[in-house]
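Structure record follows, encoded as structure tokens.
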Amino acid sequence: MRFSVSHKTFYKYAQPASESVAELRLCPMSGPCQIVQSRKLLVEPEVPVGSFEDYWGNSVEYFAIPFRHTTLKIASSSMVETSPQESVEYCEDVTVAEARQIIARSSLKAIDYRRPTRLVPVGKVLRCLNRRFISSNAYIIETALSLNEWIYKNFEYVPGATDVSTPLEKVLEMRKGVCQDFAHVMLSILRTGGIPARYVSGYIEHVDPTQPNSELVGAAASHAWVEINLPGDRWWGLDPTNNQVVGERHIKVAAGRDYHDVAPFRGTFRGVTQQNLDVAVEIKRK
Numbered sequence: 001m002r003f004s005v006s007h008k009t010f011y012k013y014a015q016p017a018s019e020s021v022a023e024l025r026l027c028p029m030s031g032p033c034q035i036v037q038s039r040k041l042l043v044e045p046e047v048p049v050g051s052f053e054d055y056w057g058n059s060v061e062y063f064a065i066p067f068r069h070t071t072l073k074i075a076s077s078s079m080v081e082t083s084p085q086e087s088v089e090y091c092e093d094v095t096v097a098e099a100r101q102i103i104a105r106s107s108l109k110a111i112d113y114r115r116p117t118r119l120v121p122v123g124k125v126l127r128c129l130n131r132r133f134i135s136s137n138a139y140i141i142e143t144a145l146s147l148n149e150w151i152y153k154n155f156e157y158v159p160g161a162t163d164v165s166t167p168l169e170k171v172l173e174m175r176k177g178v179c180q181d182f183a184h185v186m187l188s189i190l191r192t193g194g195i196p197a198r199y200v201s202g203y204i205e206h207v208d209p210t211q212p213n214s215e216l217v218g219a220a221a222s223h224a225w226v227e228i229n230l231p232g233d234r235w236w237g238l239d240p241t242n243n244q245v246v247g248e249r250h251i252k253v254a255a256g257r258d259y260h261d262v263a264p265f266r267g268t269f270r271g272v273t274q275q276n277l278d279v280a281v282e283i284k285r286k
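Just so you know, we're using the UniProt record's numbering here: the sequence shown kicks off at 1 and counts up by one.
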């Protein structure tokens, strides 16, 4: 499938900011299931924009505005072609214990995705859930699909119920949240069981124009899901918000240990002032 992606961010300051700096993770990834055919980034006020690849392999763009300004506009536009993930049939008979052993021998990078973080902790409740879902003798693919389905069926998608500072324990208690929360829940359970997994940010096509009853749930601005590291250094995407294997309607932007590693905008400004933020994202199939 081919999509145009438009992501516009507009900050308005009540009083002029004397300067500001920012990092952006808005450029879609090119990889086995996705090709970025074109990309544009516009920043107003107009300033030089640099770029680099971070530790996790994400494209990061950055800029500084060293003068007074009352607004900041960022417009990212891309043309992206997606394709289905490759089959994971080769892993259907691989147990969790076997997968752990194979990955531990072959992928040093996967160690980073087994460790807890502030947003993806390990605790008593998570250890109980881990024992419920992850058995060393169970098949890795079957285990992941069961966990994906359990989160979908037992958590309610409620925008505004949480924010990025809401502890995971609170999300587990409320059983409600958004895609970011559900991805963190799944990551915590998987990592508690020694299964390397990472957080993915991106976009989804909410409605398939060719199919009835095809709506996918997700945030208007961006979406989040999980990728599990499988033997053979394969990353397999699952979307617990929609109980789906990630497919052509998912557009991948960045991956990391948790939301903090892949936040679309990270920045600060100098000045004592209030700010208003507007974000508009549009995904169109071509």
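In this text, a Cβ means the ideal position worked out from N, Cα and C, and glycines have one as well. On a predicted model such as this, the values are computed, not experimentally measured, just so you know.
Backbone CA spacing between residue i and residue j [nearest angstrom]
{"i": "Arg175", "j": "Glu81", "result": "35 Å"}
{"i": "Val245", "j": "Met79", "result": "23 Å"}
{"i": "Arg285", "j": "Ile102", "result": "39 Å"}
{"i": "Lys12", "j": "Ser20", "result": "13 Å"}
{"i": "Tyr152", "j": "Ala221", "result": "20 Å"}
{"i": "Arg234", "j": "His7", "result": "29 Å"}
{"i": "Phe52", "j": "Pro28", "result": "14 Å"}
{"i": "residue 348", "j": "Arg68", "result": "Residue 348 falls outside the range modelled here, since the chain spans only 1 to 286, and no answer is possible."}
{"i": "Pro66", "j": "Pro48", "result": "11 Å"}
{"i": "Gly232", "j": "Val185", "result": "25 Å"}
{"i": "Ala17", "j": "Pro45", "result": "12 Å"}
{"i": "Leu129", "j": "Ile141", "result": "17 Å"}
{"i": "Leu41", "j": "Ser87", "result": "34 Å"}
{"i": "Pro264", "j": "Val253", "result": "9 Å"}
{"i": "Asp258", "j": "Asn154", "result": "22 Å"}
{"i": "Val43", "j": "Glu92", "result": "47 Å"}
{"i": "Glu89", "j": "Val262", "result": "30 Å"}
{"i": "Val207", "j": "Ala104", "result": "39 Å"}
{"i": "Tyr62", "j": "Lys124", "result": "40 Å"}
{"i": "Thr143", "j": "Glu98", "result": "13 Å"}
{"i": "Ile251", "j": "Ala14", "result": "35 Å"}
{"i": "Ser106", "j": "Gln85", "result": "22 Å"}
{"i": "Ala183", "j": "Val226", "result": "6 Å"}
{"i": "Gln37", "j": "Arg2", "result": "9 Å"}
{"i": "Ser146", "j": "Asp181", "result": "18 Å"}
{"i": "Val120", "j": "Ala64", "result": "31 Å"}
{"i": "Lys170", "j": "Asp239", "result": "21 Å"}
Simplified DSSP assignment, three categories, for residue i
{"i": "Phe133", "result": "helix"}
{"i": "Leu26", "result": "coil"}
{"i": "Ser107", "result": "coil"}
{"i": "Val125", "result": "helix"}
{"i": "Ala99", "result": "helix"}
{"i": "Lys153", "result": "helix"}
{"i": "Ser146", "result": "helix"}
{"i": "Leu41", "result": "strand"}
{"i": "Glu92", "result": "coil"}
{"i": "Glu46", "result": "coil"}
CB contact flag (residue i, residue j, <9 Å)
{"i": "Thr273", "j": "Ala22", "result": "no"}
{"i": "Gly218", "j": "Ile228", "result": "no"}
{"i": "Arg39", "j": "Arg266", "result": "no"}
{"i": "Ala280", "j": "Asn58", "result": "no"}
{"i": "Trp56", "j": "Arg270", "result": "no"}
{"i": "Ser4", "j": "Ile283", "result": "yes"}
{"i": "Val200", "j": "Gly237", "result": "yes"}
{"i": "Thr210", "j": "Tyr139", "result": "no"}
{"i": "His223", "j": "Thr241", "result": "yes"}
{"i": "Asn243", "j": "Glu173", "result": "no"}
{"i": "Leu277", "j": "Thr70", "result": "no"}
{"i": "Leu230", "j": "Leu168", "result": "no"}
{"i": "Gly202", "j": "Arg100", "result": "no"}
Residue i beta carbon near the ligand FAD (any heavy atom closer than 8 Å)
{"i": "Glu92", "result": "As far as ligands go, the structure on display features none, and thus does not contain the ligand FAD."}
Of all the beta strand (DSSP E) runs that stay within the bounds of the UniProt domain "Transglutaminase-like" (171-242), which reach a length of 3 or more residues?
197-204, 223-230, 234-239
To test your reading of the DSSP string, which unbroken beta strand (DSSP E) runs of 3 or more residues are found completely within the region 53-88?
Segments of the beta strand (DSSP E) lying fully in the region 53-88: 59-65, 69-82.
Any 3 or more C-beta pairs closer than 8 Å across the region 240-257 and the region 25-33
yes
Does the pairing of the region 189-208 with the region 134-147 give three or more beta-carbon distances under 8 Å?
yes
Counting only runs of 4+ residues fully inside the region 249-281, write out the alpha helix (DSSP H) ranges in chain order.
Considered as a whole, the region 249-281 harbours 259-262 as its complete alpha helix (DSSP H) runs of no fewer than 4 residues, in chain order.
Inter-stretch contact (C-beta, 8 Å, three-pair minimum) for the region 159-171 and the region 208-216
no
If we count Cβ pairs, one from each stretch, closer than 8 Å, do we get three or more for the region 68-75 versus the region 102-116?
no
For the structure I just gave you, are there three or more beta carbon pairs, one from the region 103-113 and one from the region 139-159, closer than 8 Å?
no
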